[in-house]
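Below: the structure, in structure tokens.
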Amino acid sequence: MGLRGKHQKTSGATDSLPQRKALVVDERPDGLEYYAAMLEAYGCRVRRCGAYGEGARCLGNEPFDFVIVSQGTPKFEGSCVVKRAVEIDRSLPVIVVAGWLDMGSYIEAMQLGATDYLVEPLTAWELGRLLPPPPCLSHAA
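Residue numbers 0 to 140, in numbering that gives the first Met the number 0, belong to the letters of the sequence shown in order.
Written out as structure tokens, the structure reads:
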């Protein structure tokens with residue numbers, strides 16, 4: 000079973016509603032905090048990783064519903080996170096964000112299984128439309 004099916008509960012008044020859990024991987028502290036703050040505003044629990052290797056390891060240790068990874072430099076250091084995410088759960092949404100459009104990195108990201116490759120900064124609206132529905136809504140049928 001993929002990791003997406005494992006959800007933890009929040010505390011407080013919404014104990015019965017599972018939260019989406021997001022992983023943000025960016026070696027730039029400002030980028031890390033920018034995306035983490037927006038995801039938290041959307042009600043996500045966020046795990047921050049300031050190194051690509053750390054982010055790849057987190058994917059094997061915790062369940063996530065959504066991943067944002069910075070491309071890094073034109074060498075696309077974030078590719079190890081995309082590879083690991085797809086290895087664990089091909090249905091896990093992985094968004095690669097880049098400071099500039101690099102066609103080589105774009106093609107590599109999409110071939111590795113990224114859901115999208117976007118030039119940053121993403122706005123709160125753009126990020127919100129990329130998020131999967133909360134677990135309680137995605138399992139309703």
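Just so it is clear, CB atoms sit at the ideal spot from N, CA and C, and this is done for glycine as well.
Note that this is a predicted model, so its numbers are computed, not measured.
Candidates the options: closest to residue i by CA position
i	options	result
residue 68	61, 122, 54	54
residue 93	65, 111, 120	65
residue 128	102, 41, 104	41
residue 110	79, 18, 72, 99	79
residue 132	83, 105, 70, 91	91
residue 71	56, 43, 105	105
residue 98	43, 73, 112	73
residue 112	103, 102, 89	89
Buried versus exposed call for residue i [16 or more other C-beta atoms within 10 Å across all chains shown]
i	result
residue 27	exposed
residue 29	exposed
residue 114	buried
residue 77	buried
residue 83	buried
residue 18	buried
Close-in-space but distant-in-sequence residues of the same chain around residue i (CB under 6 Å, 5 per side omitted)
i	result
residue 63	20, 22
residue 123	37
Own chain residues within Cβ distance below 7 Å of residue i, not counting five before or after
i	result
residue 31	23, 25, 47, 49
residue 60	none
residue 45	21, 23, 35, 38, 39
residue 103	none
residue 33	120
Whole-number beta carbon distance between residue j and residue i, since they are thought to touch under 8 Å
i	j	result
residue 166	residue 75	Since the first residue of the chain shown is 0 and the last is 140, residue 166 is not available in this structure.
residue 58	residue 87	6 Å
residue 149	residue 95	The structure shown does not extend to residue 149, since the chain is modelled only from 0 to 140, so the question has no answer here.
Neighbourhood of residue i by C-beta distance below 8 Å, restricted to the same chain and skipping five residues each side
i	result
residue 12	Residue placement at residue 12 cannot be trusted, given a pLDDT of 41 that sits under 50; what the coordinates show is reported in the next sentence. There are no such residues.
residue 100	118
Can you confirm whether the segment 111–129 touches the segment 42–52 when touching is taken to mean that 3 or more C-beta pairs between the two stretches lie within less than 8 Å? Contact between the segment 42–52 and the segment 111–129 is not established, with fewer than three Cβ pairs separated by less than 8 Å.
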